[in-house]
Amino acid sequence: MRSNSLALLLVPSFALALAAGACSGSTTQIDAPAEDAGKSSSGSSGSSGSSGSSGSSGSSGSSGSSGSSGSDAGTDGGGSSSGGPVTLKLGELALLGVTNDGYVAYAAFGAQDVSLEVVSVNGGAPTVLVPSLGQDDDVVVSGGAIGYWTNTAATGLGTFNVWTKAAGAKTNVATGSFAGLFTATADGARIGFGVTGDAAGATDLAVTNASAPSATPVLTGINLRSQSCPPDIGFPEKGNTLLAAYCTGNAQNAADAKVSAVNAAGAVSTLVDNQGAGGVRPFWSSDATGTKIVTLGLPGGGSPNALRVHVVATPAAAPLELDTDVTTALLTSDGAAAVYRTGAGSIRRSTTVANPVKTTAVATGALGLLGFDTTRKFILFRQQDALQSPRRSDVRMIDSTVANAPVIDLVATQTGTTTGFTANGSHALYVTELAANEALGTIKTKPTAGGAERQIATKATAPIALDSGTKVIFVDNPKPFGQQGEATVDIKAFDAAGLGGPTLVATDVDAQGFRTSGNKLVYVTLKAQGGGLFSRVVP
């Protein structure tokens, strides 16, 4: 689970700062070291702070786009939406996340206390949610909601609270809640959070409406202790059925997951029982509405690494097995196809109906998937081992709908990395010429429909697509600052479909403190440089 604890915010490092900034936007990397599968359309337990993106255990994927807020928000004299930046808050601040409907959660550092506050990306009066946060308290932004914990003990158990624009703050919802375990629908109407957690590392989960939250558990015995079985819990991109893959109990070596669904009425169904035959990993990937999901079987057994399709509305029905020896998989947003990599190094696409039709785009040699566009048509992958510090590899692109697809070599050597594609899938985004112990390289883009590669910037990093269209922001000019490992960066933007060069959006941005929200950049500057929280339309 990813979360924003105050302890981490108070002791950043330069390397962590760059990494946090690079993860702030809508990325689509799915090549984790253990190559867990990438999500098609899901939230996750503990997704934190990025507009249009969500985390999961070892993977990432899209969970809808963040939009601008409603008509109640105005500006406070800091600028206009068509010109310079809008001042949202001045002072020493830490950006924690932005909801899908454009509300920013941040920590404000006072002389004695750290408060948790929320404000519209368009400006207006901030709302103070917690006047004084504790050192172990936590905040998680997911979908259209902000989950936060107060009175949190060193064990990680605290009091759960939630805020949404529609319902406001609901406080003291549950005690004994594991800080960081939280997910919400894209509109924030439905939420899931831990209840009745215990020191042994197990918890139950409540799934409820954010407007009148109930702490009554609906899923029980979720294992948070096993290193090989982190829970994967979330909502689909456009649906309100919670999906959860998790081991039960508190054994450290648990690996056989259970897969459950909780519909909008609160009814629970079991799609895979971890007490039965044919165990699966703690993973699921769904279509946009949560009608279908795919699961991956555990290694070994009679059908090793089996890729199976489940229809959520009919949990008792036998799943459809698409293939075996599958290491990574995701479902398209319409549920019509699964795209996956096999242990033998092939990349395939299979329909999700009886007698599935399979297309082998790459027959052999694919060592890992690196990214995919929103339609799951175009796939980025690597054919060489990944190097570390920073993580880098070769980068190749194929059209997964074409048998024996021509491989486009974007980066032929182990000097590249990628953040995926523009929001509309028209251009691949990648960085090349990365060297050992160097975070900066050359940003390039290439049309997926064919055409010339275009160089955008040198000595830069982290191209991040906005939530729609072809505009992209990136990090330039990183500079260490102060004695606490802080760093500042400049944020620039370009249009991948255009011909012009980059445009400067903001300077001296806290490297840990920026997000995208709709067509806006939301960012923090450090106290020593006139600290504050700002938003600006990306030109």
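Going by my numbering, the letters in the sequence shown line up with residues 248 to 786, in that order.
Just so it is clear, CB atoms sit at the ideal spot from N, CA and C, and this is done for glycine as well.
The closest CA to that of THR406, considering only GLU685, LEU543, THR397, is found on THR397. Straight through space, the alpha carbons of ASN684 and LYS693 are spaced by roughly 26 Å. Less than 8 Å divides the Cβ of ALA453 from the Cβ of ALA421. Exclusion of the five residues before and after THR411 leaves GLY391, ALA392, GLY435, ALA457 as the residues of its chain whose Cβ lies within less than 7 Å of its Cβ.
With fewer than 16 other Cβ atoms inside 10 Å of its own Cβ, THR750 counts as exposed. Assignment of GLN661 by DSSP, reduced to helix, strand and coil, places it in the strand class. Counted as a single uninterrupted DSSP element, the stretch harbouring LYS412 is not any beta strand (DSSP E), since DSSP gives it neither H nor E. DSSP, reduced to helix, strand and coil, places GLN759 within a strand of the structure shown.
For ALA650 and LEU627, the gap between their C-alpha atoms comes out near 16 Å. A distance below 6 Å between beta-carbons, with the five flanking residues on each side excluded, links GLN776 to the following residues of its chain, in chain order: ASP755.
Within the region 496 to 543, no alpha helix (DSSP H) run of at least 4 residues lies entirely inside it.
In the assembly as shown, ASP632 is an exposed residue. Its beta-carbon has fewer than 16 other beta-carbons within 10 Å.
Residue state for GLN702 is assigned as strand, using DSSP reduced to three classes. Nearest to VAL388 by C-alpha distance, out of ASN369, THR432, ALA358, is THR432.
Assignment of beta-bridge partners to SER362 by DSSP yields ALA355.
THR561 counts as exposed, since fewer than 16 other C-beta atoms from the protein chains shown sit within 10 angstroms of its C-beta. For ALA564, same chain residues with a beta-carbon under 7 Å away, outside a window of 5 residues either side, are VAL558 in chain order. DSSP, reduced to helix, strand and coil, places ALA775 within a helical segment of the structure shown. PHE721 carries a strand assignment under DSSP once its states are collapsed to helix, strand and coil. Cβ-Cβ separation between LEU569 and SER597: approximately 5 Å, consistent with a contact (criterion under 8 Å).
With fewer than 16 other beta carbons inside 10 angstroms of its own, SER379 counts as exposed. Taking 8 Å as the cut-off, the Cβ atoms of PRO477 and PRO529 count as close. If you draw a 10 Å sphere on the C-beta of VAL527, you find 16 or more other C-beta atoms in it, and that means buried. THR467: member of the beta strand (DSSP E) spanning 466 to 470, first to last residue. Here GLN702 is exposed, its C-beta having fewer than 16 other C-beta atoms within 10 Å. Per DSSP, the unbroken beta strand (DSSP E) holding LYS739 starts and ends at 733 to 742. For GLY612, the closest C-alpha among the options ASN419, ALA696, THR589, ALA354 is that of THR589.
Cβ contact annotation for ALA610 (same chain, cutoff 6 Å, sequence separation greater than five): SER593, in chain order.
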